[in-house]
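>
Number of protein chains: 2
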Amino acid sequence: MSTLTNRQVRLAKRPEGAATRDDWQFTDEPVGEPAEGGVLVQTLSLSLDPAMRGWMNEGKSYIAPVEIGAVMRAGGVGRVVASRNPAFAVGDTVYGTLGVQQYALIPQEEIQRNGLVKIDLRAGTIGQWLNVLGMPGMTGYFGLMDVGQPKPGETVVVSGAAGAVGQTVGQLAKIKGCRVVGIAGGAAKCDWVVKELGFDACIDYKAGPLAVREGLKAHCPKGVDIYFDNVGGDILDTVLAKLARGARIIICGAISQYNNTTPVQGPKNYLSLLVNRARMQGMVVFDYADRYGEAVAELSGYLKDGRMKSREDVVEGIDTFPEALGRLFTGENFGKLVLKVSD
Amino acid sequence: MSTLTNRQVRLAKRPEGAATRDDWQFTDEPVGEPAEGGVLVQTLSLSLDPAMRGWMNEGKSYIAPVEIGAVMRAGGVGRVVASRNPAFAVGDTVYGTLGVQQYALIPQEEIQRNGLVKIDLRAGTIGQWLNVLGMPGMTGYFGLMDVGQPKPGETVVVSGAAGAVGQTVGQLAKIKGCRVVGIAGGAAKCDWVVKELGFDACIDYKAGPLAVREGLKAHCPKGVDIYFDNVGGDILDTVLAKLARGARIIICGAISQYNNTTPVQGPKNYLSLLVNRARMQGMVVFDYADRYGEAVAELSGYLKDGRMKSREDVVEGIDTFPEALGRLFTGENFGKLVLKVSD
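Residue numbers (the working numbering), protein chains in the order written: chain A, 1 to 343; chain B, 1 to 343.
#1: Please report the straight-line C-alpha distance between Phe321 of chain A and Lys151 of chain A, rounded to a whole angstrom.
#2: Take Ile68 of chain B and list the residues in its own chain whose beta-carbon comes closer than 8 Å to its own, dropping the five residues that flank it on each side.
#3: Less than 9 Å between CB atoms is the rule here; does Lys60 of chain A satisfy it with respect to chain B?
#4: Please confirm whether Ile255 of chain A has its beta-carbon closer than 9 Å to some beta-carbon of chain B.
#5: Given that a residue counts as buried once 16 or more other Cβ atoms are within 10 Å of its Cβ, and exposed if not, what is Pro136 of chain B?
#6: Which of helix, strand or coil does DSSP assign to Met280 of chain A?
#7: Look at Val181 of chain B and Gly140 of chain B and say whether their C-beta atoms are less than 9 Å apart.
#8: Considering only DSSP beta bridges, list what Asn6 of chain A is partnered with.
#9: Let me see if you follow: with CB-CB separation under 9 Å, is Ala173 of chain A close to chain B or not?
#10: Helix or strand or just coil, what does DSSP make of Ala74 of chain B?
#11: For Asp391 of chain A, list the residues DSSP reports as bridge partners.
#12: What three-state label does DSSP hand Gly215 of chain B in the structure shown?
#13: Could you check if Val147 of chain B is buried or exposed, using at least 16 other CB atoms within 10 Å of its CB as the buried criterion?
#14: Quick one: is Ala161 of chain B buried, meaning 16 or more other Cβ sit within 10 Å of its Cβ, or exposed?
#15: Does Arg279 of chain A pass the burial test, meaning 16 or more other C-beta atoms within 10 Å, or should it be called exposed?
#16: How many Å lie between Ile348 of chain A and Leu271 of chain B at the Cα?
#17: If distances are taken between C-alpha atoms only, which option among A:Thr262, A:Gln108, A:Lys242 comes closest to Gly38 of chain A?
#18: Among the residues of its own chain, which have a CB less than 8 Å from the CB of Val231 of chain A, if the five just before and after it don't count?
#19: On a Cα-Cα basis, can you pick out the residue from A:Leu325, A:Asp204, A:Leu337 that is closest to Asp23 of chain A?
#20: Identify the continuous alpha helix (DSSP H) that holds Thr363 of chain B and give its terminal residues.
#21: Could you say which of A:Leu48, A:Gly306, A:Leu4, A:Val100 lies nearest to Val165 of chain A if we only look at CA atoms?
#22: Under 7 Å Cβ to Cβ from Ala89 of chain B, same chain only, skipping five residues before and after it: list those, please.
#23: Using a C-beta to C-beta distance shorter than 8 Å, which residues of chain B count as neighbours of Leu328 of chain A?
#24: What did DSSP end up calling Met1 of chain B once you bin it into helix, strand or coil?
#25: Consult DSSP for Arg79 of chain A and reduce its assignment to one of helix, strand or coil.
#26: Spatial neighbours of Val66 of chain B within its chain, please: CB distance less than 8 Å, with the 5 preceding and 5 following residues excluded, ordered by chain position.
#27: In the DSSP output, what is Arg179 of chain A paired with across the bridge?
#28: Taking Cβ-Cβ distances below 9 Å as the criterion, which residues of the region 261-286 of chain A are in contact with chain B?
#29: Can you tell me which residues form a DSSP beta bridge with Ile106 of chain A?
#30: Select from the region 238-255 of chain B all residues with a C-beta closer than 8 Å to any C-beta belonging to chain A, and list them in chain order.
#31: Can you confirm whether Met1 of chain A, when its beta carbon is compared against all beta carbons of chain B, has any partner nearer than 9 Å?
#32: Along the chain, which unbroken stretches of the beta strand (DSSP E) at least 3 residues long are found entirely within the region 274-322 of chain A?
#33: Do we get a CB-CB distance below 9 Å when we pair Gly232 of chain B with the residues of chain A?
#34: Taking DSSP's pairing of strands, which residues face Tyr95 of chain B in a bridge?
#35: If you drop the 5 nearest sequence neighbours on each side, which residues of the same chain put their C-beta closer than 7 Å to that of Leu121 of chain A?
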């Protein structure tokens with residue numbers, strides 16, 4: 001054990017605007033041994049998520065910021081390589097908050113606080129456990145079902161449609177009998193969302209300044225009953241202008257705003273909520289932790305019977321983390337962005 | 001009948017920014033006689049409401065705009081002076097959409113479409129029937145109870161606290177066991193809201209640029225559980241920054257924005273909805289028309305037993321309508337603004 005080295009990515013400073021390589025510090029430390037009740041996990045793959053940008057900022061949010069000098073927070077799949085906890089055996093595959101590092105030494109209290117769950121690779125691949133069966137999938141599932149409460153025949157619009165949350169939301173809404181319109185960047189993503197995932201339509205927001213407005217007009221003739229918002233900004237405003245009576249907007253994220261150095265762009269069409277007796281509601285996936293099991297059971301069934309597909313965009317090597325993360329904010333990733341750390 | 005003249009206020013043009021006297025046209029017409037099923041109502045008092053500014057604009061909203069040349073829409077209390085409808089007798093006091101005019105000739109189909117209800121002046125004065133027992137009261141009642149769903153011990157903040165909707169919301173929330181903090185303009189209104197209506201505190205938003213922020217900090221130590229928003233703009237943003245987990249924001253209006261010639265100011269702190277798992281929901285009082293009876297019964301009970309008070313700001317004479325309406329947008333009115341047309 002003592003011969004192993006743990007390469008870690010630590011937050012060097014708080015970025016202004018987009019994060020760059022200068023905001024990170026790479027360290028190499030000897031791998032420690034678990035204390036009573038703890039485990040040592042080797043990182044296999046990490047989930048790279050838009051929310052990470054928020055964790056790098058100072059100040060109160062739904063979760064504490066990552067401290068300067070600390071290993072960057074990340075959820076991931078790993079393999080237990082040493083255990084002093086009876087719930088975990090060497091060789092178990094687990095999902096947990098591993099951090100951007102090759103090995104995570106997780107003490108008992110952290111297992112209790114943050115959770116560490118054994119996962120079954122027969123239910124889904126590692127990529128799928130970070131995607132449809134992981135945090136993005138849970139976010140999409142509970143956001144759509146609990147907050148959105150879709151009814152058959154309703155029109156559901158989802159932004160970031162080719163991303164991890166978007167692909168779950170759209171396919172699940174189709175399964176629930178809704179008409180589904182995605183919004184994504186570029187023809188390739190839109191094609192995939194329609195042809196592979198079976199969305200009714202997908203609007204390429206990069207196709208021109210009026211693309212979203214005209215797309216919604218064409219594809220949502222009865223207005224938008226549910227909008228699952230991952231992006232905020234102008235797209236949120238454009239959808240607000242097309243709400244149906246009694247619409248629900250799920251505020252999951254606002255990736256267009258996360259690198260802002262100016263104040264967040266408020267939705268100037270928010271009074272559409274009044275006119276349409278609509279609501280806009282925020283959600284944080286961690287609130288549903290005690291119900292992940294039910295969502296995983298349902299979603300893995302859809303993966304198995306082919307009603308749901310998934311796509312991951314896998315980047316290899318922990319050293320590529322800074323640039324890999326940046327791909328989320330330019331929209332370069334195509335599918336759930338995964339950082340493969342080891343085999 | 002034919003000797004009577006009906007003075008009317010008609011929309012001459014659509015205002016840009018604040019409405020002025022130039023936007024109105026006064027006409028004098030002979031009073032007509034009701035056709036089969038119709039009634040003729042003499043206007044006693046009219047309700048002047050912030051929403052009227054929206055009705056003057058072109059374009060789709062929750063209600064059709066007032067056409068150029070048409071009598072301005074207004075709800076009011078009147079007395080039946082002629083009736084060919086068996087449901088109404090001469091001398092009945094009624095509430096309905098009378099318009100800004102001395103006499104309203106209401107055909108049967110309009111009675112059916114818009115409603116015309118007999119009111120009991122033992123349950124409340126004419127002023128109260130336009131205030132706590134009228135549209136503002138219904139708005140406050142259903143907005144707070146149905147959308148806000150207050151629980152005892154929660155902190156409720158209401159803007160426009162001395163206005164018609166605000167006074168209903170705050171007093172009702174107190175009766176329901178909540179801590180209530182008002183926001184109003186000027187020390188006189190704040191004093192009245194606290195000393196007469198029994199709010200726990202009231203913040204004078206005119207007291208300085210940080211008054212609302214500091215007031216919320218002082219008076220809402222556990223954050224804001226319910227915000228009943230009548231004003232929008234900076235105040236909405238400041239409250240968003242102080243939400244408690246699971247907060248509900250009722251979007252009733254945005255008087256700070258109605259005279260804008262620039263786009264509405266979107267709430268740049270809307271991502272607080274996400275962090276706090278909160279929702280922002282619009283409401284339109286007309287949706288609750290079939291439940292007004294239950295609200296009137298409850299609220300008139302509170303007026304009778306003294307648990308609820310009301311205040312009206314009465315302006316006299318139909319000719320003063322343009323300037324009277326303007327008082328709402330400068331905050332000059334103190335209490336529910338009523339235009340008394342005749343005795």
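All C-beta atoms, glycine included, are put in the ideal place defined by N, C-alpha and C. Note that the coordinates shown come from a computational prediction; the quantities given were computed from them, not determined experimentally.
The relevant details are as follows:
#1: Locating residue 321 of chain A in the first sequence gives position 321, where the first residue counts as 1. Locating residue 151 of chain A in the first sequence gives position 151, where the first residue counts as 1. About 40 Å.
#2: On the second sequence, residue 68 of chain B is found 68 positions in, with the first residue counted as 1. These residues qualify, in order along the chain: Leu11, Ala12, Lys13, Arg14.
#3: Taking the first residue of the first sequence as 1, we reach residue 60 of chain A at position 60. It does: the Cβ of Lys60 of chain A has a partner Cβ on chain B nearer than 9 Å.
#4: Within the first sequence, numbered from 1, the residue matching residue 255 of chain A stands at position 255. Not one chain B Cβ lies under 9 Å of Ile255 of chain A.
#5: As a working note, residue 136 of chain B is residue 136 in the second sequence. Counting Cβ neighbours within 10 Å, Pro136 of chain B comes out buried, since at least 16 surround it.
#6: Within the first sequence, the letter at position 280 stands for residue 280 of chain A. Three-state result, Met280 of chain A: strand.
#7: Within the second sequence, the letter at position 181 stands for residue 181 of chain B. Within the second sequence, the letter at position 140 stands for residue 140 of chain B. Contact: no.
#8: By 1-based counting over the first sequence, the position of residue 6 of chain A is 6. In DSSP, Asn6 of chain A forms a bridge with A:Glu29.
#9: Translated into the one-based positions of the first sequence, residue 173 of chain A becomes position 173. Not an interface residue.
#10: Position 74 of the second sequence, counted from the start, is the residue given in the question as residue 74 of chain B. Coil.
#11: Any answer about residue 391 of chain A is impossible in this case: the structure gives chain A only from 1 up to 343.
#12: Sequence index remark: in the second sequence, residue 215 of chain B carries index 215 (1-based). Three-state DSSP puts Gly215 of chain B in a helix.
#13: In the second sequence, counting from the first residue as 1, residue 147 of chain B sits at position 147. Counting the other CB atoms within 10 Å of its CB gives Val147 of chain B a total of 16 or more, which places it among the buried residues.
#14: Walking along the second sequence from the start, residue 161 of chain B turns up at place 161. So Ala161 of chain B ends up on the buried side.
#15: As a working mapping, residue 279 of chain A is identified with position 279 in the first sequence. The residue in question, Arg279 of chain A, is buried, as its Cβ has 16 or more Cβ neighbours within 10 Å.
#16: An answer regarding residue 348 of chain A cannot be provided, because it is not within the stretch 1 to 343 covered by chain A.
#17: Stepping through the first sequence from its first residue, residue 38 of chain A is reached at position 38. Of the candidates A:Thr262, A:Gln108, A:Lys242, the one whose C-alpha sits nearest the C-alpha of Gly38 of chain A is A:Gln108.
#18: Walking along the first sequence from the start, residue 231 of chain A turns up at place 231. Take Val231 of chain A, set aside five residues on each side of it, and the residues of its chain with a beta-carbon closer than 8 Å to its own are Ser159, Gly160, Ile183, Gly253, Ala254, Ile255, Ser256, in chain order.
#19: In the first sequence, residue 23 of chain A corresponds to position 23, counting from 1. It is A:Leu325.
#20: Because chain B spans 1 through 343 in this model, residue 363 of chain B falls outside it and cannot be assessed.
#21: Numbered from its first residue, the first sequence carries residue 165 of chain A at position 165. Answer by Cα proximity: A:Leu48.
#22: On the second sequence, position 89 is the one that residue 89 of chain B refers to. The beta carbon of Ala89 of chain B lies closer than 7 Å to those of Val80, Ser83 in the same chain, with the five residues before and after it left out.
#23: Here residue 328 of chain A refers to the residue found at position 328 when the first sequence is read from its first residue. Per Cβ cutoff of 8 Å: no residues; Leu328 of chain A is ~17 Å from chain B at best.
#24: Taking the first residue of the second sequence as 1, we reach residue 1 of chain B at position 1. Summary for Met1 of chain B: the model assigns pLDDT 48, below 50, so the residue's position carries little reliability; its value from the coordinates is reported in the next sentence. If DSSP states are grouped into helix, strand and coil, Met1 of chain B belongs with coil.
#25: Locating residue 79 of chain A in the first sequence gives position 79, counting from the first residue. Three-state result, Arg79 of chain A: strand.
#26: Position 66 of the second sequence, counted from the start, is the residue given in the question as residue 66 of chain B. Only Leu11, Trp55, Met56, Met72, Arg73 meet the Cβ criterion.
#27: The sequence position of residue 179 of chain A within the first sequence is 179, counting from 1. Looking at the DSSP assignment, Arg179 of chain A forms a beta bridge with A:Thr155.
#28: Pro263, Val264, Gln265, Gly266, Pro267, Lys268, Asn269, Tyr270, Leu271, Ser272, Leu273, Leu274, Val275, Asn276, Arg277, Ala278, Arg279, Met280, Gln281, Gly282, Met283, Val284
#29: Stepping through the first sequence from its first residue, residue 106 of chain A is reached at position 106. Bridge pairing for Ile106 of chain A: A:Val39 [DSSP].
#30: Ile251, Cys252, Gly253, Ala254
#31: Reading the first sequence from its first residue, position 1 is the one you call residue 1 of chain A. Low per-residue confidence applies at Met1 of chain A: pLDDT is 48, beneath 50, and the placement is therefore not dependable, though the value from the model is reported in the following sentence. Output row for Met1 of chain A: interface = no.
#32: 279-282, 312-316
#33: What you label residue 232 of chain B is simply residue 232 of the second sequence in a count that begins at 1. It does; some Cβ of chain A falls within 9 Å.
#34: Residue 95 of chain B sits at position 95 when you count from the first residue of the second sequence. Answer by DSSP bridge pairing, in chain order: B:Val77, B:Val117.
#35: Residue 121 of chain A sits at position 121 when you count from the first residue of the first sequence. Thr93.
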